[in-house]
Amino acid sequence: MKDPLIFEIIGYVGSAFVLASFLMASVVRLRIINSVGCIVSVVYGLLIHAYPTVIMNAALLLINIFFLIRMSKQKSADYHADRVEEGDQFLAYFLEVHGEDIRRYFPSFSPQKSCNYIRFSYCGDKAAGLIMGELSEDGGLRLALDYTTPEYRDLSVGSWLYGQLAEEGIRRVILAVPTENHENYMVKMGFVKENEGYVKMLN
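The sequence shown: position 95 = 83 (this note's numbering), numbered continuously.
Structure (structure tokens):
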């Protein structure tokens, strides 16, 4: 028995997922939520025999799957890093462009804060993240900022970065987490909560 109301609800649900996907800052989340919307829209198109809708959403679904697979296979060789000094022009530009997003996770961070360890992570020719902090002689790095751009927040750049820090002889990383969102990220990266903040042992 066909129920036009149910069909209509399915159509609205599919459209809601597609629209919601464009609110995602993360490319991975965008494609996942968009894919869900495409699947629901394909079902809706089949139910009402709207085959152009089926074809379009099926094609979008395949495109999303292709890019999700490619991103999941992101190789560490695609990443590289570069240390910079205070006063670097690109550093100032990066902090200005991403200033609002940085303040969401690090409301107490100041671009004027003096740091003796500043390192960018790149994926290809794009800056994927930035860490700034104080490196001590005993191999401890106390971070003032551990920021990843929205595009790379769901990828492996964080795990790659901390592997690189270990190769530099850094033994532990300390970060006082100011927000719940960044706290979840720190836990996923293997940080453990201690009195001084969150600590990750590298060696």
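No residue lacks a Cβ here, since even glycine has one placed at the ideal position from N, Cα and C.
Nearest candidate by alpha-carbon position, reference residue i, set the options
i: M59; options: G33, I43, A69, V16; result: V16
i: D70; options: I(-6), I(-2), Y105, L190; result: Y105
i: S98; options: S109, H86, F108; result: H86
i: P138; options: E125, A115, A132; result: A115
i: N45; options: G2, R92, G127, S109; result: G2
i: A152; options: I90, F55, S109, I20; result: Inspection of the sequence shows that residue 152 is occupied by Gln rather than by Ala. Nearest option by C-alpha distance: S109.
i: H170; options: N52, R160, I158, G146; result: G146
i: F210; options: M12, N22, Y135, I36; result: Within the shown structure, residues of the chain are numbered from -11 to 191, placing residue 210 beyond reach of any answer.
Residue i - partner residues in DSSP beta bridges
i: H68; result: Y110
i: K101; result: DSSP lists no partner for K101.
i: G185; result: E182
i: L123; result: L129
i: A115; result: Y110
Straight-line gap, residue i to residue j (C-alpha atoms, nearest Å)
i: V24; j: L118; result: 32 Å
i: E73; j: M120; result: 10 Å
i: M(-11); j: V42; result: Bear in mind that the predicted position of M(-11) carries a pLDDT of just 45, short of 50, making it unreliable; the figure below should be weighed with that in mind. Whole-angstrom Cα-Cα distance: 21 Å.
i: S102; j: L56; result: 39 Å
i: G33; j: N172; result: 39 Å
i: L48; j: Y140; result: 22 Å
i: L133; j: F10; result: 27 Å
i: Y210; j: Y39; result: Residue 210 lies beyond the stretch modelled for the chain, which goes from -11 to 191, so this question has no answer here.
Boundaries of the beta strand (DSSP E) in which residue i is found, first to last residue
i: Y135; result: 128 to 136
i: G75; result: Run containing G75: none; DSSP gives neither H nor E here.
i: L163; result: 160 to 163
Delimiting residues of the alpha helix (DSSP H) encompassing residue i
i: E88; result: 87 to 93
i: G25; result: 15 to 35
i: Y140; result: No alpha helix (DSSP H) holds Y140; DSSP gives it neither H nor E.
i: A8; result: -8 to 9
Segment contact flag, the segment -2 to 11 with the segment 20 to 33, C-beta cutoff 8 Å, min 3 pairs: yes
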